[in-house]
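Visitor: Below: one structure in structure tokens.
Protein chains: 2
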Amino acid sequence: MQNRKLVVIGGDAAGMSAASKVRREHPDRSIVVFERGRFTSYAACGMPYLVAGMVEAPEKLIARSPETFREKQRIDVRTRHEVVEIDPARKRVRVQNLDASLEFWEDWDDLLIATGASPIQPDVPNASADGIFSLSTLQSGLDVFEDMQRRPPRSAVVVGGGYVGIEMAEALRERDVPVSLVDMAPQVMNTLDPDMAEDIATFMQDAGVRLFLGERLQRFDVDASGRVSSVVTDQRALEADLVILGLGIRPNSALARAAGIQLGPSGALRVDRGMRTSVADIWAAGDCAESFHRVKEEPTFIALGTVANKHGLVAGTNLSGGALEFPGVLGTAITRFQDLEIARTGLSEKEAKALGIAYRSRTIEALTRSHYFPGAAKLKVKLLVEAATGRLLGGQIVGRGGAGKRIDTLATAITARMTAEQLVYLDLAYAPPFSPVWDPVQTAARTLSG
Amino acid sequence: MQNRKLVVIGGDAAGMSAASKVRREHPDRSIVVFERGRFTSYAACGMPYLVAGMVEAPEKLIARSPETFREKQRIDVRTRHEVVEIDPARKRVRVQNLDASLEFWEDWDDLLIATGASPIQPDVPNASADGIFSLSTLQSGLDVFEDMQRRPPRSAVVVGGGYVGIEMAEALRERDVPVSLVDMAPQVMNTLDPDMAEDIATFMQDAGVRLFLGERLQRFDVDASGRVSSVVTDQRALEADLVILGLGIRPNSALARAAGIQLGPSGALRVDRGMRTSVADIWAAGDCAESFHRVKEEPTFIALGTVANKHGLVAGTNLSGGALEFPGVLGTAITRFQDLEIARTGLSEKEAKALGIAYRSRTIEALTRSHYFPGAAKLKVKLLVEAATGRLLGGQIVGRGGAGKRIDTLATAITARMTAEQLVYLDLAYAPPFSPVWDPVQTAARTLSG
Numbered sequence: 001m002q003n004r005k006l007v008v009i010g011g012d013a014a015g016m017s018a019a020s021k022v023r024r025e026h027p028d029r030s031i032v033v034f035e036r037g038r039f040t041s042y043a044a045c046g047m048p049y050l051v052a053g054m055v056e057a058p059e060k061l062i063a064r065s066p067e068t069f070r071e072k073q074r075i076d077v078r079t080r081h082e083v084v085e086i087d088p089a090r091k092r093v094r095v096q097n098l099d100a101s102l103e104f105w106e107d108w109d110d111l112l113i114a115t116g117a118s119p120i121q122p123d124v125p126n127a128s129a130d131g132i133f134s135l136s137t138l139q140s141g142l143d144v145f146e147d148m149q150r151r152p153p154r155s156a157v158v159v160g161g162g163y164v165g166i167e168m169a170e171a172l173r174e175r176d177v178p179v180s181l182v183d184m185a186p187q188v189m190n191t192l193d194p195d196m197a198e199d200i201a202t203f204m205q206d207a208g209v210r211l212f213l214g215e216r217l218q219r220f221d222v223d224a225s226g227r228v229s230s231v232v233t234d235q236r237a238l239e240a241d242l243v244i245l246g247l248g249i250r251p252n253s254a255l256a257r258a259a260g261i262q263l264g265p266s267g268a269l270r271v272d273r274g275m276r277t278s279v280a281d282i283w284a285a286g287d288c289a290e291s292f293h294r295v296k297e298e299p300t301f302i303a304l305g306t307v308a309n310k311h312g313l314v315a316g317t318n319l320s321g322g323a324l325e326f327p328g329v330l331g332t333a334i335t336r337f338q339d340l341e342i343a344r345t346g347l348s349e350k351e352a353k354a355l356g357i358a359y360r361s362r363t364i365e366a367l368t369r370s371h372y373f374p375g376a377a378k379l380k381v382k383l384l385v386e387a388a389t390g391r392l393l394g395g396q397i398v399g400r401g402g403a404g405k406r407i408d409t410l411a412t413a414i415t416a417r418m419t420a421e422q423l424v425y426l427d428l429a430y431a432p433p434f435s436p437v438w439d440p441v442q443t444a445a446r447t448l449s450g
Numbered sequence: 451m452q453n454r455k456l457v458v459i460g461g462d463a464a465g466m467s468a469a470s471k472v473r474r475e476h477p478d479r480s481i482v483v484f485e486r487g488r489f490t491s492y493a494a495c496g497m498p499y500l501v502a503g504m505v506e507a508p509e510k511l512i513a514r515s516p517e518t519f520r521e522k523q524r525i526d527v528r529t530r531h532e533v534v535e536i537d538p539a540r541k542r543v544r545v546q547n548l549d550a551s552l553e554f555w556e557d558w559d560d561l562l563i564a565t566g567a568s569p570i571q572p573d574v575p576n577a578s579a580d581g582i583f584s585l586s587t588l589q590s591g592l593d594v595f596e597d598m599q600r601r602p603p604r605s606a607v608v609v610g611g612g613y614v615g616i617e618m619a620e621a622l623r624e625r626d627v628p629v630s631l632v633d634m635a636p637q638v639m640n641t642l643d644p645d646m647a648e649d650i651a652t653f654m655q656d657a658g659v660r661l662f663l664g665e666r667l668q669r670f671d672v673d674a675s676g677r678v679s680s681v682v683t684d685q686r687a688l689e690a691d692l693v694i695l696g697l698g699i700r701p702n703s704a705l706a707r708a709a710g711i712q713l714g715p716s717g718a719l720r721v722d723r724g725m726r727t728s729v730a731d732i733w734a735a736g737d738c739a740e741s742f743h744r745v746k747e748e749p750t751f752i753a754l755g756t757v758a759n760k761h762g763l764v765a766g767t768n769l770s771g772g773a774l775e776f777p778g779v780l781g782t783a784i785t786r787f788q789d790l791e792i793a794r795t796g797l798s799e800k801e802a803k804a805l806g807i808a809y810r811s812r813t814i815e816a817l818t819r820s821h822y823f824p825g826a827a828k829l830k831v832k833l834l835v836e837a838a839t840g841r842l843l844g845g846q847i848v849g850r851g852g853a854g855k856r857i858d859t860l861a862t863a864i865t866a867r868m869t870a871e872q873l874v875y876l877d878l879a880y881a882p883p884f885s886p887v888w889d890p891v892q893t894a895a896r897t898l899s900g
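Chains as they are written, first to last, in the numbering used here: chain A, 1 to 450; chain B, 451 to 900.
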């Protein structure tokens, strides 16, 4: 195993986690990473906060540079190198050096596909006009950042009210840019249920974001210079000299598909719990690969940094001769709009319905601290339990002042297959500056137990 | 059951939770509560913050008044009534009306003992001099508050470096009173291990608290008026015109013992999982009763509001004909000194050693947010796992900026008997304002897994 050459496609979280793990286990193994961009291991999630001006400088978002990987870990990272073909039969990949217009074949004994995911582009006129940006790679974040420096926007439209949309709306408000947000769904944050999303919408509107929900994007208009001038929906035209697209992402799996590697229905690579694809000696990890969903009990496509890091660690362990299984995900996620914290885990009502699971659900309002303690802030907690058993299926939290990370307690309880009643009797921490005597997640659970 | 008369001794968290639960289940049942103080259902944990001036007024600490219980819930609450004898054979209690010097017998079908706990008093000269206070009942908090209003202290000494001691040291610093803290242990916060306690001590010293650890209290000196003037240890005399005692508490169980009800080694009432004592139709709940410890797997004495509320709910359910078992405690607790958050759950090293459990432990330093995000604060996480199995035994957290409530994730994972490796692969929430991509509890777990 020590002699097996490892090639990794993609130098971000999953790929570099795996490569680093293999290096730790096998100090002398040959490890080559091809990354088509200029950066490795960067914090894509930090980009909205870079745009907002909260992060001092773009370099702060780079966890580890290609040079560091090369020098400190002797991992042969080659940036600006794009893999354009996988040849499983001859165990080699075809690589383009993007800076030198060179192409070559590289052999491998083991191949890890960590090609990530890309933003979905809308299929409407002028979608690639100047001033329209998606956020995915660090470079795409830099592009927005530099465009705004060069040409401070007069008014911006965010298309899509998911995580990226909400975080970018905050970032633009932080820079005092007038912001409108358009989504074809009737709510923001589609991964939460409508009752919870309504609180978010109200908060955003109070903060000056104009919301246009249930409206379908039809085209972009451009000015004489070719720059976007307005966003046209089926109901109105919104002036904008800056547009941020947050329409979701899809896995970068074309390369794998072309090589005959099995994909799941989402288009992401089908992997076993050890991160092996359908083809021997080819592995996958990160945003391009599926994960097992612990509640749905089926493969799912969830592209998040946390998951990518875990995928990478599992793949790296197994590539080094270990025997680790990735136990799966719950779709846990957290974000914020200004000081409103938004978190979810497990199944939403929508998801439970789609799966045909009979559930009960309750939403409660509580405080983050004892009612008499300064800074006690309102939060809402929604819980879903399986109707027949009382087993926790999912949770959603919206509120201020430390509301959001309480989702971790729910994620842990769901993983342990606890019932609402078991959650009520957990020995959670209480003191007046931190919680009411019954933590809000327990108050919610009390309405669903017994 | 509807006709059985319930008498409750003690009108705070456990007693009133149980009485309220019985009332909800049985609208017409006769329920009498005897409370020797003037208040019911108050937030004792809020008293340090009342003294600090952070809570506006003492009334804010009262969750529900005796009048409200009488009028809204038709619970016959009699304050200033002390039960002085339990007669199990004839199913009656002897009661003193403290305001009228009257004594009478009251019959019951079911009796709930919820007599709470009392501060330990030091057996040294002048321990009851003016200016020396313990904190337990709301009245005791008011006494300190009023004394400080009447006579602003020039310098205070806190004896005992546990929860009460640390919170009162904060409160006194908040009021700009010079504070010294004395403890006979070589560390503050004895429920945490010395390495974690050291960070707390350093922080407190930086905030101007003079610490005298490993010093034994010998006596108090008093001035001509009989008020305390100094605290004398085996190593020095410390000037003080205000002294706060935080020497721990012991269960109020003399009444039960005198009635032949079984106590545990701690002196608290021995109860089964349904909160029944050794005598038929006599129940116990709250600070006077033991709890089953989920990791130690034996009865333990832990007096906390969270536990008392749960005891009360279980007792009330079973007193109403339900069949609920209290699953037990982990010794989870949280406090703070100014913005330093301090939390623990499960076993400390000391406890694991005392139980003869072979364990491994690691302490890591991490950040509460992504390193590039404003406000990222340092925290330390210590974890203990069982050496043979990797199962989580306990955790301790010290740090700022939202560090503390992460203990709930550990408490939930310990309850579910997870291993460190299972904790590593939990799907916890990440976004730059809330956490690094690996939550600090997972970073700690990674050092103990695989």
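In this text, a Cβ means the ideal position worked out from N, Cα and C, and glycines have one as well.
Name the chain B residues whose beta carbon is nearer than 8 Å to that of A/Asp-427?
Guide: The count along the first sequence starts at 1 and reaches residue 427 of chain A at position 427. Per Cβ cutoff of 8 Å: Arg-744, Thr-756, Val-757, Gly-778, Val-779, Leu-780, Gly-781, Thr-782, Thr-795, Ala-861, Thr-865.
Visitor: Who are A/Asp-287's beta bridge partners in DSSP?
Guide: Here residue 287 of chain A corresponds to residue number 287 of the first sequence, with the count starting at 1. Answer is none; A/Asp-287 lacks a bridge partner.
Visitor: Measure from the C-beta of B/Asp-858 to each C-beta in chain A and report whether the shortest distance is under 7 Å.
Guide: As a first step, residue 858 of chain B must be located in the second sequence, where it is residue number 408. Yes, because at least one Cβ of chain A sits closer than 7 Å to the Cβ of B/Asp-858.
Visitor: Please state whether the Cβ-Cβ distance between B/Ala-502 and B/Ala-735 is less than 7 Å.
Guide: To locate residue 502 of chain B, count along the second sequence from 1; it is residue 52. To locate residue 735 of chain B, count along the second sequence from 1; it is residue 285. No.
Visitor: Looking at C-alpha atoms only, which residue of A/Trp-438, A/Thr-363, A/Met-196 is the closest neighbour of B/Asn-759?
Guide: Within the second sequence, residue 759 of chain B is the residue found at index 309, counting from 1. The candidate whose alpha carbon is nearest that of B/Asn-759 is A/Trp-438.
Visitor: When the Cα of B/Leu-561 is compared with those of B/Ala-706, B/Phe-653, B/Pro-636, which residue comes out closest?
Guide: Residue 561 of chain B sits at position 111 when you count from the first residue of the second sequence. Taking only the C-alpha atoms, the option nearest B/Leu-561 is B/Ala-706.
Visitor: Let me see if you follow: with CB-CB separation under 7 Å, is A/Phe-434 close to chain B or not?
Guide: Sequence index remark: in the first sequence, residue 434 of chain A carries index 434 (1-based). By this cut-off, A/Phe-434 is an interface position.
Visitor: How about the stretch 719–731 of chain B and the stretch 672–692 of chain B: do they share at least three Cβ pairs that are nearer than 8 Å?
Guide: No, the stretch 719–731 of chain B is not in contact with the stretch 672–692 of chain B.
Visitor: Output the distance between the C-alpha atoms of B/Thr-863 and A/Thr-412, rounded to the nearest integer angstrom.
Guide: Position 413 of the second sequence, counting from 1, holds the residue named residue 863 of chain B. Position 412 of the first sequence, counting from 1, holds the residue named residue 412 of chain A. Checking the sequence shown, residue 863 of chain B turns out to be Ala, not Thr. Straight-line Cα distance between these residues: approximately 6 Å.
Visitor: Kindly indicate which three-state DSSP category B/Ala-958 falls into: helix, strand or coil?
Guide: Lying before the first or after the last residue shown, residue 958 of chain B is absent from chain B, which here runs from 451 to 900.
Visitor: Could you please tell me which residues of the stretch 507–526 of chain B, in chain order, have their CB closer than 7 Å to any CB of chain A?
Guide: Cβ contacts with chain A come from Lys-510, Leu-511.
Visitor: Answer yes or no: do B/Ala-657 and B/Gln-788 have a C-beta to C-beta separation smaller than 7 Å?
Guide: Position 207 of the second sequence, counted from the first residue, corresponds to residue 657 of chain B. Position 338 of the second sequence, counted from the first residue, corresponds to residue 788 of chain B. Against a cut-off of 7 Å, the Cβ pair of B/Gln-788 and B/Ala-657 comes out as a contact.
Visitor: So which residues of chain B does A/Ala-43 contact, with C-beta pairs closer than 8 Å?
Guide: Mapped onto the first sequence, residue 43 of chain A falls at position 43. Residues of chain B passing the Cβ test: Ser-820, Tyr-822, Pro-882, Val-887.
Visitor: DSSP puts B/Gln-846 in a beta bridge; with which residues?
Guide: Translated into the one-based positions of the second sequence, residue 846 of chain B becomes position 396. In the DSSP output, where bridge partners are listed per residue, B/Gln-846 has B/Arg-794, B/Lys-832.
Visitor: Indicate whether B/Ile-595 and B/Leu-695 have their beta-carbon atoms separated by less than 7 Å.
Guide: Start at 1 with the first residue of the second sequence, and residue 595 of chain B comes out as number 145. Start at 1 with the first residue of the second sequence, and residue 695 of chain B comes out as number 245. The residue you asked about is not Ile; residue 595 of chain B is Phe in the sequence shown. Cβ atoms of B/Phe-595 and B/Leu-695: not closer than 7 Å.
Visitor: Tell me, please, which residues DSSP counts as bridged to A/Pro-119.
Guide: The residue given as residue 119 of chain A occupies position 119 in the first sequence. Beta-bridge pairing links A/Pro-119 to A/Ile-249.
Visitor: For B/Thr-683, which of helix, strand or coil comes out of DSSP?
Guide: Walking along the second sequence from the start, residue 683 of chain B turns up at place 233. Of the three classes helix, strand and coil, the one that applies to B/Thr-683 here is strand, per DSSP.
Visitor: Taking A/Asp-195 as the reference, which of A/Val-314, A/Leu-238, A/Arg-362, A/Glu-25 has the closest Cα?
Guide: Looking up residue 195 of chain A in the first sequence gives position 195. Nearest C-alpha to A/Asp-195: A/Arg-362.
Visitor: State the Cα-Cα distance for the pair B/Ala-647 and B/Ile-807, rounded to the nearest angstrom.
Guide: Residue 647 of chain B sits at position 197 when you count from the first residue of the second sequence. Residue 807 of chain B sits at position 357 when you count from the first residue of the second sequence. Distance between the alpha carbons of B/Ala-647 and B/Ile-807 is about 22 Å.
Visitor: Is there a Cβ from chain B that is less than 7 Å from the Cβ of A/Glu-381?
Guide: Here residue 381 of chain A refers to the residue found at position 381 of the first sequence. At residue 381 of chain A the sequence reads Val, which differs from the Glu that was named. Judged by the 7 Å Cβ criterion, A/Val-381 is not in contact with chain B.
Visitor: Does the contact criterion of 3 or more C-beta pairs under 8 Å hold for the stretch 665–684 of chain B versus the stretch 631–640 of chain B?
Guide: Flag = yes, the stretch 665–684 of chain B and the stretch 631–640 of chain B touch.
Visitor: So B/Thr-785 contacts chain A; which residues on that side make the cut at Cβ distance below 7 Å?
Guide: For this step, residue 785 of chain B is matched to residue 335 along the second sequence. By Cβ distance, chain A contributes Ala-431.
Visitor: Could you tell me the alpha carbon to alpha carbon distance between A/Ala-429 and A/Asp-221, rounded to whole angstroms?
Guide: Reading the first sequence from its first residue, position 429 is the one you call residue 429 of chain A. Reading the first sequence from its first residue, position 221 is the one you call residue 221 of chain A. C-alpha separation (whole angstroms): 55 Å.
Visitor: Tell me A/Trp-105's beta-bridge partners as DSSP assigns them.
Guide: For the purposes of this step, residue 105 of chain A is identified with residue 105 of the first sequence, where counting begins at 1. For A/Trp-105, which the question treats as bridged, DSSP gives the partners A/Arg-94.
Visitor: With a 10 Å radius around its C-beta and 16 neighbouring C-beta atoms as the bar for buried, classify A/Ser-320 as buried or exposed.
Guide: One-based indexing of the first sequence puts residue 320 of chain A at position 320. By the neighbour-count rule (16 or more Cβ atoms within 10 Å), A/Ser-320 is buried.
Visitor: Check each residue of the stretch 26–52 of chain A: if its Cβ is closer than 9 Å to any Cβ of chain B, include it; give the result in chain order.
Guide: Taking 9 Å as the Cβ-Cβ cut-off against chain B, the residues of the stretch 26–52 of chain A that qualify are Ala-43, Cys-45, Gly-46, Pro-48, Tyr-49, Leu-50.
Visitor: Chain A beta carbons: is any one of them nearer than 7 Å to that of B/Val-505?
Guide: If you number the second sequence from 1, residue 505 of chain B lands on position 55. For B/Val-505, the answer is yes, since a Cβ of chain A falls inside 7 Å of its Cβ.
Visitor: Per DSSP, A/Ser-180 is paired with what?
Guide: Mapped onto the first sequence, residue 180 of chain A falls at position 180. Beta-bridge pairing links A/Ser-180 to A/Val-157, A/Arg-210.
Visitor: Quick one: grab the DSSP three-state call for A/Phe-152.
Guide: For the purposes of this step, residue 152 of chain A is taken as residue 152 along the first sequence, with counting starting at 1. A quick correction: the sequence has Pro, not Phe, at residue 152 of chain A. DSSP places A/Pro-152 in coil when its eight states are reduced to three.
Visitor: Taking three-plus beta-carbon pairs below 8 Å as touching, is the stretch 730–744 of chain B in contact with the stretch 775–786 of chain B?
Guide: Short answer: they touch.
Visitor: Are at least three pairs of beta-carbons, each pair with one atom in the stretch 414–434 of chain A and one in the stretch 516–534 of chain B, less than 8 Å apart?
Guide: Touching, no, given that fewer than three Cβ pairs across the two stretches are closer than 8 Å.
Visitor: For A/Leu-61 and A/Gly-46, which I take to be in contact (beta-carbon distance under 8 Å), what is that distance rounded to the nearest angstrom?
Guide: Sequence index remark: in the first sequence, residue 61 of chain A carries index 61 (1-based). Sequence index remark: in the first sequence, residue 46 of chain A carries index 46 (1-based). About 5 Å separates the two Cβ atoms, so the contact holds.
Visitor: What separation, rounded to the nearest whole angstrom, lies between the Cα atoms of A/Leu-263 and A/Leu-98?
Guide: Translated into positions along the first sequence, residue 263 of chain A becomes position 263. Translated into positions along the first sequence, residue 98 of chain A becomes position 98. Spanning the two alpha carbons is a distance of roughly 27 Å.
Visitor: Looking at the C-beta of A/Lys-405, does it have a partner C-beta in chain B at a distance below 7 Å?
Guide: To locate residue 405 of chain A, count along the first sequence from 1; it is residue 405. Taking Cβ atoms only, chain B reaches closer than 7 Å to A/Lys-405, which makes this a yes.
Visitor: Looking at C-alpha atoms only, which residue of A/Leu-379, A/Arg-446, A/Ala-388, A/Leu-423 is the closest neighbour of A/Asp-199?
Guide: By 1-based counting over the first sequence, the position of residue 199 of chain A is 199. Closest by alpha carbon: A/Leu-379.
Visitor: Taking A/Tyr-163 as part of the beta strand (DSSP E), name the residues at either end of that continuous run.
Guide: Residue numbering aside, residue 163 of chain A sits at position 163 when the first sequence is read from its first letter. Counting along the chain, A/Tyr-163 falls outside any beta strand (DSSP E), though it belongs to the alpha helix (DSSP H) covering 163–174.
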